[in-house]
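Report on one structure; see the data block that follows.
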Amino acid sequence: MKTKALLFDFDGTLLNTNELIIQTFMYIFDERFPGQYSTVDCLKFIGPSLKQTFDELTPGETEIMIAKYREWNAANHDSLVTGYEAVVETLEELHALGIKLAIVSTKSREGLARGMKILQAEHLFDAVVGLDDVEHVKPHPEPVLLALQKLGVNRSEAIMIGDNSHDIEGGKNAGVRTAGVAWSAKGVDYLMSYEPTYMLHHMRDLLEIVKGESS
Numbered sequence: 065m066k067t068k069a070l071l072f073d074f075d076g077t078l079l080n081t082n083e084l085i086i087q088t089f090m091y092i093f094d095e096r097f098p099g100q101y102s103t104v105d106c107l108k109f110i111g112p113s114l115k116q117t118f119d120e121l122t123p124g125e126t127e128i129m130i131a132k133y134r135e136w137n138a139a140n141h142d143s144l145v146t147g148y149e150a151v152v153e154t155l156e157e158l159h160a161l162g163i164k165l166a167i168v169s170t171k172s173r174e175g176l177a178r179g180m181k182i183l184q185a186e187h188l189f190d191a192v193v194g195l196d197d198v199e200h201v202k203p204h205p206e207p208v209l210l211a212l213q214k215l216g217v218n219r220s221e222a223i224m225i226g227d228n229s230h231d232i233e234g235g236k237n238a239g240v241r242t243a244g245v246a247w248s249a250k251g252v253d254y255l256m257s258y259e260p261t262y263m264l265h266h267m268r269d270l271l272e273i274v275k276g277e278s279s
């Protein structure tokens, strides 16, 4: 089957926002739950939407907690995020090959715009699906299916790529192939337990997958 589109999660997949996310949660938790959470504990909050997280942790205070999270996160964003090796270069090569590229994220439109400005790859993406665009976030299939609709490709022609279980499960629920990234903060073994179609050990592995189908 020939791949025509690649759908990417954003945080922890295209841009290393892990330290930013962990430190933001620690700021929130140190104030709200002093001494109860460690940085390791925060790993489980990477992936779910902020609403899902705070609905569980602070029921009835979700909007207040999200506002606090976003305020600190925005103020510290640019100093705490870093890039991953060869991400933008690989995206450029994939784009030149005619592969359609999309972002499918649980991040807000504002947050994605901030991250995309750092990545400097806005021009390479044909579609962006974020928190504001859907009623249900990953692992619900809605975001992936909306991206496919925007790109005009079939399920069999796309791969959903991400660093978390939500990305793999969301892709599977939408009927597309999936790929985990070995640079996930949760590790290869964690992602492999969700049985993705591919495991990317380097961003350039995508080029081998795409080119291998046409050779």
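Per the numbering used here, the sequence shown starts with residue 65, numbered consecutively.
Here a beta-carbon is modelled for each residue, glycine too, at the ideal position from N, C-alpha and C.
Here the structure is a predicted model, which is why all the values come from computation and not from measurement.
Spatial neighbours of residue i in its chain, beta-carbon cut-off 8 angstroms, leaving aside the 5 residues before and after
i: GLN184; result: VAL152
i: GLU221; result: MET65, LYS66, THR67, LYS68 and ALA69
i: VAL217; result: LYS68, ALA69 and LYS164
i: SER113; result: THR170, LEU195 and VAL201
i: GLY89; result: Note that residue 89 corresponds to Phe in the displayed sequence, not to Gly. So the list reads TYR101, CYS106, PHE109 and TYR133, once near-sequence residues are dropped.
Helix, strand or coil at residue i according to DSSP, with G and I counted as helix
i: ILE273; result: helix
i: PHE72; result: strand
i: LEU79; result: strand
i: ALA211; result: helix
i: MET256; result: helix
i: THR242; result: strand
i: ILE110; result: coil
i: LYS285; result: This structure leaves residue 285 out entirely; the chain is present only between 65 and 279.
i: PHE34; result: In the structure as shown, the chain begins at 65 and stops at 279. Residue 34 is therefore absent and cannot be evaluated.
i: LYS115; result: helix
i: SER279; result: Caution applies to SER279, whose pLDDT of 47 falls short of 50 and renders its modelled position unreliable; the value that the coordinates give is listed next. Coil, per DSSP.
i: VAL103; result: One point to set straight first is that residue 103 is Thr, not Val, in the sequence displayed. Note: THR103 maps to coil in three-state DSSP.
Contacting residues, own chain, Cβ-Cβ under 7 angstroms from residue i (five flanking each side not counted)
i: VAL274; result: THR67, LEU158, LEU161 and ILE163
i: SER279; result: Bear in mind that a pLDDT of 47 at SER279, under 50, signals an unreliable position, so the number given afterwards is only what the model happens to contain. Cβ neighbours of SER279 beyond the five flanking positions: none.
i: MET180; result: GLU186
i: ARG268; result: ALA150 and THR154
i: GLU95; result: none
i: ASN80; result: VAL145, THR146, GLY147 and TYR148
i: VAL240; result: VAL208, ARG219, ALA222, ILE223 and MET224
Contact test: residue i Cβ vs the ligand ATP heavy atom, cutoff 8 angstroms
i: LEU155; result: No copy of the ligand ATP appears in this structure; indeed no ligand is present at all.
Sequence-distant residues of the same chain with beta carbon closer than 6 angstroms to residue i, five excluded per side
i: HIS200; result: GLU206
i: ALA211; result: LEU71, ALA166, VAL168, ALA191 and VAL193
i: GLN238; result: The question names Gln, yet the displayed sequence has Ala at residue 238. Only PRO205, VAL208 and LEU209 meet the Cβ criterion.
i: ARG173; result: GLY194 and ASP196
i: LEU144; result: GLU83 and LEU84
i: THR122; result: MET129
First and last residue of the uninterrupted alpha helix (DSSP H) at residue i
i: ALA238; result: 229-238
i: MET267; result: Where MET267 is concerned, there is no enclosing alpha helix (DSSP H), given that its DSSP letter is neither H nor E.
The beta strand (DSSP E) enclosing residue i, as first and last residue numbers
i: MET65; result: Here MET65 belongs to no beta strand (DSSP E), and DSSP marks it neither H nor E.
i: ALA222; result: 222-226
i: ALA191; result: 191-193
**Study point:** Inside the stretch 118-179 only - beta strand (DSSP E) runs reaching at least 3 residues
**Key:** 164-168
**Study point:** Three or more C-beta pairs below 8 angstroms linking the stretch 137-144 and the stretch 159-170
**Key:** Touching, no.
Review point. Are three or more beta carbon pairs between the stretch 257-269 and the stretch 97-104 nearer than 8 angstroms?
Key: no
Review point. Are there three or more Cβ pairs, one per stretch, closer than 8 angstroms when the stretch 223-230 is compared with the stretch 238-251?
Key: yes
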